[in-house]
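Protein chains in written order, with this note's numbering: chain A, 578 to 1018; chain B, 8 to 500; chain C, 23 to 287. Cβ atoms here follow ideal geometry from the backbone N, Cα and C, with glycine treated the same way. Note that the structure is a prediction, hence the values are computed from the model and not measured. Below: the structure, in structure tokens.
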Amino acid sequence: MSDQSASNGRISHGSLMVADPRTKKRNAAEARFRAYGIVAISIGVLFLAALAFSILRSGLPAFTQYVAKLEVTLSQEDYDAAESKMLKTAAYTDIFIENFSNALDERGVDVAYDSDAIERILGKVGGDIRGHYREHPDDIGRPVTFQLQTSSRVEGYFKGRVDRESLVDSRFLVKTDLDIVDALTDADILTGRFNWAFIKGTDAGVDNPGGAGIGAAAVGSLFMMLVVLLLSLPIGVAASIYLEEFAPQNKFTDIVEVNISNLAAVPSIVFGILGLSVFIQFMHLPQSAPLVGGLVLTLMTLPTIIISTRASLKAVPPSIRDAALGIGASKMQSVFHHVLPLAMPGILTGTIIGLAQALGESAPLLLIGMVGFVAREFPDGVVSGFLDPNSAMPAQIYTWAARADAGFYEKAWGGIIVLLAFLLTMNIIAIILRRRFERRW
Amino acid sequence: MSTLLIVALVGALAVVGYVLGVRRAMASADGDLRLLHSLKGYYGQNVALLVLVPSLLVLVIWMTVQPLLIEQSVLGMISNTDVAQGSSRSLMMADVRRVADGLDVAVAQGAMSRDAASDVRVDFTNVRERLASVGVAVGSTVTQSTLEAAQKFRALAATGNMIRGIVVLLIAAAGFGYALKQTDKDFRARNVVERGILVLLIAAASIAVLTTLGIVFSLIFNTIDFFESFPGADFFFGTRWEPSFSGRGGASDLGFLPLIWGTLYISIIALVVAVPLGLFAAIYLSEYASNSVRSIAKPVLEVLAGIPTIVYGLFALLTVGPLLVNIFGADGLLGVNWMSGGTAAMTAGLVMGIMLIPFVSSLSDDIINAVPQAMRDGSYGLGATQSETIRQVILPAALPGIVGAVLLAASRAIGETMIVVLGAGAAASLSLNPLEAMTTVTAKIVSQLTGDGEFNSPETMVAFALGMTLFVITLALNVVALIIVRKYREQYD
Amino acid sequence: MNDMRIVKRDVDMNDIKISAKGVQVYYGDTHAIKDVNVEIKDKTVTAFIGPSGCGKSTFLRCLNRMNDTIDICRVEGSIQIEGEDIYDKRVDPVQLRAKVGMVFQKPNPFPKSIYDNVAYGPRIHGLARTKADLDEIVEKSLRRGAIWNEVKDRLHAPGTGLSGGQQQRLCIARAVATEPEVLLMDEPCSALDPIATAQVEELIDELRENFSVVIVTHSMQQAARVSQKTAFFHLGNLVEYGETGQIFTNPQDPRTESYITGRIG
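Given below as structure tokens:
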């Protein structure tokens, strides 16, 4: 075979110092290929940045609200006089306007307004003031600083949703009102402040984006997470221990394993259907209850927790088990006394990540009735927290996003900031746990 | 007897049992630990387990079975003539249950005395109004037979709950007594307890199977119900999706084709975005990137997978949609009037594609890393550049695994809900134009089940048929993907 | 081939193909190769022997810059092939490796057909203009790899389906298909059974007619059977380099002698 050898067909390789044209071409292709990879990663990173920017830009305003600050002193006579009138709130509105014009004069602001304009800008101030004094009769006769929330259109003006040019005069807002607003802002009567109502509030209905808060939904999420944690951690760990440490190689084990890996990839909405027909239709558990939401999310989270728990158990070297068995411990003792404690940091990390996943899930919750508009009030106790209709943060966000009033969009973005803050915290805890306790064998 | 009370009593009995078990064991060994067969704690655990497990098991079974039995017997009371036009037995049953619950609430709030509640007759008092006064809304006026059924329902439930409490407590007590009697210094408590724990572990592992069964049964039964009232051919081959809702009357068109078309179209757009980006990202990270780049870029990409889908949905609806309209809309950058609203197949597809990047990239990354270094060495040794090695040696070798990853991503895309609910629009259409609103199977499941339709109408039940098809499709994709990936892993193990 | 005989000493006194001067290799902080000087002749089989971890494989991988793929590896000194420094900035390792082919310890056929395995190198280097050219190169290489007769009827079967020895000869055929001038072999027989080893050794002897072959082996018998020149490495040093016969019969360095007689290793 070596007869058809060397000289014929042997190509000369030329000098190594000079790149031949083909090599140049190939190297160019190499550089292009590499660039595709960089471009792909950059697109992912850029998208993430765009997402973060969008969320912050559109969501941060939800944490600010604009209020008119006005100090009012109401004497007992005024109070009695107002209460004796037919139109009581109108009487209070007059009192407010009197104080208001005094305040304007004091600050030297000169702007024309009437009580209708005040109502368009600050809502029904008379009612607010009367409400305060009826609740706190002690305040009569001493100075009280009222912080009156602006109407959602005026708030829109501050936040850029409403602008002078495109504003069409309506009974909600007219152009001249904006002059008043500007004057009041200059006079420091109208100011922005942190919107605690958004954090602490509840959904306030389709026509009140200004008053909408995420608090009740957050409590709903909290109760659901309690259910998920209390059920999925023990069940998940027990199932993993069985599969990893005790299960014999047989049909049943195979079926369970295949089931778990398939369940991990079943669309979340299917779990919603399961919850609707099993927990609500069949078992008649209360609709929209965080307990049911928690049960559905538990079933959804279990595969994730089982998979990560099994990985942590597998990471504990067999020598530990052997050592325990070798000094006469039973198999069960070796697992519960040695393997499980060693695997615990990994298990907890996996559980937190599973919980974070469950916290962000919305589709199945919509099917079992945990939509945003049911989150009208805070539960009044632990049992009521589990059983009374409530929503969850993601479902609340969805409800806001689906509403027609653009004022809710800002709330939806704001809600996302709150939701992501929770997720971030959970993930950071998971990372710290892993960093601190992870053991390399 | 309320469930909570039963559980509390059983729990208390278990605690007492634990203490007594330990004491009795110690006493039988004359206080000498060494004479015991097992550690003393095991004797206590044995008693506690025997108290808790059988009784709570019976409790759970009872709670599932009792409503079924009661319903059966109450249903017998409703004659066919009582079933109003346009209603059905199960609707009547729902009414019965609501009235019964309402009476309970009324009693609890003191609006009705216990006796009054069990005697009320429609002739004397308007039950509907009285229930409304305590905040329970009943759909139609309450008929005599409904009310009687509700009374029976309450009576049966009350008796059932009473017997349930007694039976469960008796079982707990029996377990308590039996276990204590067993307890003796030679009793092999550890072995028994460990066997018990093993059974509990197996039960926990079976929950996965139960979940799957639950999914399958809840889909199958409701789907069968749906096809009883709606022809299967019209569902599977119908090209129009126009459900009519209660009150408006008229038959609905519930064609499946426009929905599956929208689902597939959007998923394909998503994959067209995600597969190249994810694959190139994975290649770059596994073959080119230095450790420091990798340690930053990989987690950053994975953050995309950790973001809840509602966030993507909102982003599609409020950011990407308007952006696309600014480009393709009437006064857009391109000056073409191709897009009228922000919600479109393209909007949802693009955003979903970005969401899927980490799925494709991290799976592919694992798979590419599983290709042995010897392959790379062989190729470099022949003078191949890195990209030639990747394209001609590594990718073909990793192909089955990558196909598996893409199938998993496809199943994710088909099952994704929030992005399409918010980003794709609500109109079902068989259009080819990606800039038009489309809707998907998942979006319609949400809208049909959260709408205000009667639960038993075909317009609502269709959601289960949709869920069934969704489940079957994603399951098939997952199974195929898992088989491919597993085969692939075995090849290099 | 007779097993223990020492190969006929008909070394062509050809030109020096590779000349290495003062080569130092570091893996991170580890000094893996210490000041190695060696000259490798054309149309000769040169064997690198020595205990494991002595640096012989590392040095071999320097000769076609395979060490470039390891981030922490650093090479100093000069390695010249036909007078050109291969670590010069202008040298493209891709071009270098076309000239200096390599065969690895474990047979590593690509998961492709036998034909595609062999055609891979010629394709990426653009050696064939037509399909007929390529067919010819593949056949010639498979013949040179002494495997043509076994696979000519199933060229499109996967290369991974061959036996270990066949796979290794396929890999050799794949390496010679790009017409290299030097062929580096890193323990090519360590994963093979004795019969396959004998076939590969016979092949190596034939390859000498066309190529300069450098082989790393942990088997002294194999070095004695196939090589004309032998270099003995120990703890990163090149201890002794000379005619194979002389190394095995009359080693100059006591360490070589200890190794050959089995006292260190």
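From the options, residue whose alpha carbon lies closest to that of residue i
{"i": "Arg5 (chain B)", "options": "C:Tyr49, C:Met124 and C:Tyr109", "result": "Outside the shown range of chain B (8 to 500) lies residue 5 (chain B), about which nothing can therefore be said."}
{"i": "Ala281 (chain B)", "options": "B:Met100, B:Asp108 and B:Val367", "result": "B:Val367"}
{"i": "Val140 (chain C)", "options": "C:Lys128, C:Glu158 and C:Gln127", "result": "C:Glu158"}
{"i": "Val427 (chain B)", "options": "B:Arg301, B:Thr326 and B:Tyr319", "result": "B:Tyr319"}
{"i": "Asp693 (chain A)", "options": "A:Thr722, A:Ile757 and A:Leu647", "result": "A:Ile757"}
{"i": "Ala815 (chain A)", "options": "B:Arg301, B:Ile209, B:Asp102 and B:Ser259", "result": "B:Ile209"}
{"i": "Trp69 (chain B)", "options": "B:Val29, B:Ile491 and B:Thr166", "result": "B:Thr166"}
{"i": "Gly870 (chain A)", "options": "A:Pro895, A:Val835 and A:Ala940", "result": "A:Ala940"}
{"i": "Tyr690 (chain A)", "options": "A:Ile706, A:Arg707, A:Ala981 and A:Asp671", "result": "A:Asp671"}
{"i": "Gln973 (chain A)", "options": "A:Thr650, A:Ile929, A:Arg980 and A:Gly949", "result": "A:Gly949"}
{"i": "Pro210 (chain C)", "options": "C:Ile38, C:Ile40 and C:Ser79", "result": "C:Ser79"}
{"i": "Val1019 (chain A)", "options": "B:Ser297, B:Leu489, B:Val223 and B:Asn229", "result": "For residue 1019 (chain A) there is no data in the structure shown, the boundaries of chain A being 578 and 1018."}
{"i": "Ile77 (chain B)", "options": "A:Met860, A:Ala795, A:Lys701 and A:Arg1013", "result": "A:Met860"}
{"i": "Gln221 (chain C)", "options": "C:Gln250, C:Ala168, C:Met242 and C:Asn259", "result": "C:Ala168"}
{"i": "Leu59 (chain B)", "options": "B:Leu20, B:Ala162, B:Gly474 and B:Gln151", "result": "B:Leu20"}
{"i": "Thr350 (chain B)", "options": "B:Ala405, B:Leu278, B:Ala434 and B:Arg419", "result": "B:Ala434"}
{"i": "Thr881 (chain A)", "options": "A:Ala608, A:Gly685, A:Ser817 and A:Gly852", "result": "A:Ser817"}
{"i": "Asp784 (chain A)", "options": "A:Ile994, A:Trp990, A:Ala1007 and A:Ala983", "result": "A:Ala983"}
Per-residue DSSP class, three states only, for residue i
{"i": "Met594 (chain A)", "result": "coil"}
{"i": "Pro844 (chain A)", "result": "coil"}
{"i": "Tyr109 (chain C)", "result": "coil"}
{"i": "Cys211 (chain C)", "result": "coil"}
{"i": "Ala218 (chain C)", "result": "helix"}
{"i": "Val23 (chain B)", "result": "helix"}
{"i": "His147 (chain C)", "result": "helix"}
{"i": "Glu249 (chain B)", "result": "strand"}
{"i": "Val5 (chain B)", "result": "No answer is possible for residue 5 (chain B): the residues shown for chain B start at 8 and end at 500."}
{"i": "Phe233 (chain C)", "result": "coil"}
{"i": "Arg1016 (chain A)", "result": "coil"}
{"i": "Lys251 (chain C)", "result": "strand"}
{"i": "Ser939 (chain A)", "result": "coil"}
{"i": "Phe771 (chain A)", "result": "strand"}
{"i": "Ile945 (chain A)", "result": "coil"}
{"i": "His914 (chain A)", "result": "helix"}
{"i": "Tyr49 (chain C)", "result": "strand"}
{"i": "Glu294 (chain B)", "result": "helix"}
One or two residues paired with residue i in a DSSP bridge
{"i": "Val238 (chain C)", "result": "C:Phe70 and C:Asp208"}
{"i": "Asn259 (chain C)", "result": "C:His256"}
{"i": "Pro180 (chain C)", "result": "C:Ser135"}
{"i": "Met124 (chain C)", "result": "C:Leu206"}
{"i": "Ser100 (chain C)", "result": "C:Lys43"}
{"i": "Leu261 (chain B)", "result": "B:Trp248"}
{"i": "Val796 (chain A)", "result": "BP columns for Val796 (chain A) are empty, so no partner."}
Interface residues of chain F facing residue i [CB-CB closer than 7 Å]
{"i": "Gly123 (chain C)", "result": "Among the protein chains in the structure shown, which are A, B and C, there is no chain F."}
My parser needs the alpha helix (DSSP H) runs of 4 or more residues fully inside the region 632-668 of chain A; what are they? 653-661
What residues in the region 54-85 of chain B have a beta carbon less than 8 Å from any beta carbon of chain A? Met70, Thr71 and Pro74
Selection of the region 62-87 of chain C by Cβ proximity to chain B, strictly under 8 Å: Asn86
Can you check the region 699-738 of chain A for any beta strand (DSSP E) of at least 3 residues that lies completely inside it and give the ranges in chain order? 720-726
Mind listing which residues of the region 125-153 of chain C have their C-beta closer than 9 Å to chain A's C-betas, in chain order? Ile146, His147, Gly148 and Leu149
Chain A contacts from the region 178-210 of chain C (Cβ-Cβ distance under 7 Å): Glu201 and Glu203
Of the residues that make up the region 602-629 of chain A, which ones have a beta carbon closer than 8 Å to any beta carbon in chain C? Arg603 and Asn604
Considering only residues of the region 331-380 of chain B, which uninterrupted alpha helix (DSSP H) runs meet the minimum length of 4 residues and lie entirely inside it, listed in chain order? 352-377
For the region 995-1006 of chain A, which residues have a CB atom closer than 9 Å to at least one CB atom of chain B, in sequence order? Leu996, Leu997, Leu1000 and Asn1004
Output, in sequence order along the chain, the residues in the region 919-945 of chain A whose CB is closer than 8 Å to any CB in chain C. none
What ranges does the alpha helix (DSSP H) occupy inside the region 980-1004 of chain A, keeping only unbroken runs of at least 4 residues that lie completely in it? Uninterrupted alpha helix (DSSP H) stretches at least 4 residues long and entirely within the region 980-1004 of chain A do not occur.
Could you list the residues in the region 484-497 of chain B with a C-beta less than 9 Å from some C-beta on chain A, going in chain order? Leu484, Asn485, Val486, Ala488 and Leu489
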